[in-house]
Each structure stands twice: as structure tokens, then as C-alpha cells.
Amino acid sequence: MLGVLKAIQTTVKAALRRPVTVQYPTEKKTLPHRSRGLPVLLWDFDISEPFCTGCQVCARYCPVDCMTVTMKDNPNFAAGKSKRKKIVDKFYIDYARCMRCDICVEVCNFDAIVMNNTWQGVELSRYDRQDLVMDLPALLRQSKTGELETPFREPMGVAHSGWAPKMDEEEERAAEAASLEKHHGTSPDKPSAPTPTADPTAEVPAGSQARTERATAEAPESHAQAGEGGTAPSAGQKPAEAGEGPEKEGGEG
């Protein structure tokens with residue numbers, strides 16, 4: 090009987106629950122920030138080039154081998170505009186094989202690739218599988234147009250234009266102060282107290298001074314005895330007198 094009542098209670102709760110069905114595709118639910126779409130590349134607006142250097146780390150770690158990456162010499166580096174000696178030349182991702190494991194994002198040394206957490210990273214219906222192979226312009230399009238939303242985990246110390254909002258000067262100072270206080274226990278406005286140093290003019294207690302002088306006087310004697318006999322006699326051991334030698338075995342001859 091109790092089981093029947095629990096079943097009825099569950100049915101009534103489900104009937105009174107607010108419906109979640111939406112008229113897709115005209116209506117869409119908001120995706121959570123932790124949702125994983127398909128990977129895309131990021132664009133550096135300050136230098137007008139991709140963040141990706143074509144190092145191929147993501148391609149080597151990809152468990153399904155869905156990435157192909159090549160690099161080239163960066164012309165902006167030769168012109169003195171960029172610090173990246175190498176830049177990505179070609180980048181292909183086969184979305185039909187991608188398993189959205191996020192490993193490429195974790196191993197990237199330059200925060201150049203992220204998982205697309207928008208509907209455009211999910212809606213990829215195609216009639217031909219070849220249309221799911223994305224090249225470099227297609228992977229950079231959303232970042233260059235500013236369509237990407239702020240992800241749930243921003244890269245440490247890096248704010249990408251068109252993806253993560255940049256902080257103003259006041260927020261940067263507050264973040265820097267919080268970081269210093271977290272890692273060093275001090276803030277820029279409150280310098281740490283100086284470490285107290287010993288006063289050379291301070292008086293030494295009489296007992297401590299006497300023990301120090303006695304130890305200093307005994308040290309040369311110990312070294313001298315150790316130099317003559319090889320080893321210094323231990324405490325309680327009587328030193329051998331002159332003329333005495335080891336006893337002969339077997340008595341007198």
C-alpha cells in the first residue's frame with residue numbers, strides 16, 4: 090500500500106511540474122557555462138593573429154586523432170609586432186570524430202583553444218560528413234566575431250578579446266592585490282613587518298659566556314691530542330703512560 094501511495098505522489102509531482110519543452114529551433118534554452126560543445130580557436134585582437142602557434146600538442150594528445158596542425162614562421166615576429174616566432178599555418182578538426190573530452194584545452198600551453206559553450210557548438214547537422222571537417226577560418230570565425238561567451242573557467246592571467254571581458258584598471262589592481270595576499274600573505278598597501286635582528290651591544294648572560302669560553306679553550310687540546318695519537322681518548326678512558334706497551338702473549342720468554 091505504501092508503494093502505491095509513493096507512486097501516486099511521484100505522478101502528481103510530475104504532473105504539476107513546470108514543463109520544460111520549448112519550441113525548438115525558434116526557442117532555445119540557455120546552455121550552462123559548463124556545457125562542452127566542440128573545440129574552436131581564439132583570435133588575438135591586439136596583434137591580429139591567432140593565439141595558436143601550431144605546436145601540435147593538442148593533436149598529439151587527442152585520443153581519437155581528429156586534429157591536423159601545421160606551423161610556419163610568423164611574419165609579425167619578423168616585423169617586431171609579435172612575440173610568437175611560429176604561428177599556425179593549417180588547422181583541421183574533424184567534428185564527426187571529436188568526443189568533446191576537453192583534453193586539447195587542458196594541454197594547450199597558450200590558451201589558444203576552448204570548448205564552444207554556445208548553441209553553434211552543438212547544432213552541426215550536415216548531410217555529408219566532409220562538411221564536418223573544419224579548417225582554420227571556420228575555427229576562428231566565432232572568436233573573431235565576438236560570438237563566444239565567457240567560459241566557466243577563464244585562463245589564468247589572460248583575457249582574450251571577444252571571448253573573456255577585459256578588466257579595467259581598478260579591477261586589475263584589486264585582482265593583483267588579492268593574488269599577492271593569497272600567495273604571500275601580504276598586500277601591496279600593507280608591507281610585512283621587518284624581521285628583528287640581534288643587537289650586537291646586548292649583554293650576554295654570565296653563565297652562557299663562561300660556557301662559551303670553556304668550550305673554546307678545550308677545543309685546541311682535543312685537536313692536539315687527536316693529531317698525536319690518531320684519535321683523542323674518549324671520556325673515562327685513561328691515556329697510556331710513556332714506556333708502557335701492550336702485554337706480551339705467552340708470558341716471559
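Residues in the sequence shown are numbered consecutively from 90, following this note's numbering.
Think of the CB as a built atom: it goes at the ideal place given N, C-alpha and C, for glycine as much as any other residue.
Other residues of its chain near residue i: CB distance less than 7 Å, five sequence neighbours each side excluded
i, result
"S171", "I136, E138, N163 and N165"
"D183", "C155, L221 and V222"
"L225", "V177, K179 and F180"
For residue i, the three-state DSSP class (helix, strand or coil)
i, result
"C144", "coil"
"T234", "helix"
"V158", "strand"
"I182", "strand"
"D133", "strand"
"E138", "strand"
"K172", "coil"
"P121", "coil"
Alpha-carbon spacing of residue i relative to residue j, whole angstroms
i, j, result
"G235", "T115", "22 Å"
"M90", "I97", "11 Å"
"L228", "A263", "34 Å"
"P376", "N205", "Any answer about residue 376 is impossible in this case: the structure gives the chain only from 90 up to 342."
"E265", "L131", "25 Å"
"E260", "G92", "57 Å"
"R106", "L120", "21 Å"
Spatial neighbours of residue i in its chain, beta-carbon cut-off 6 Å, leaving aside the 5 residues before and after
i, result
"Q231", "V129 and L237"
"A148", "M156 and V158"
"D133", "F140"
"R186", "V153 and C155"
"S124", "N206"
Nonlocal neighbours in the same chain, by C-beta distance under 8 Å from residue i, ignoring five residues either side
i, result
"K117", "V111 and W208"
"M245", "With a pLDDT of 48 at M245, under the threshold of 50, the predicted position of this residue should be treated as unreliable, and no value is reported."
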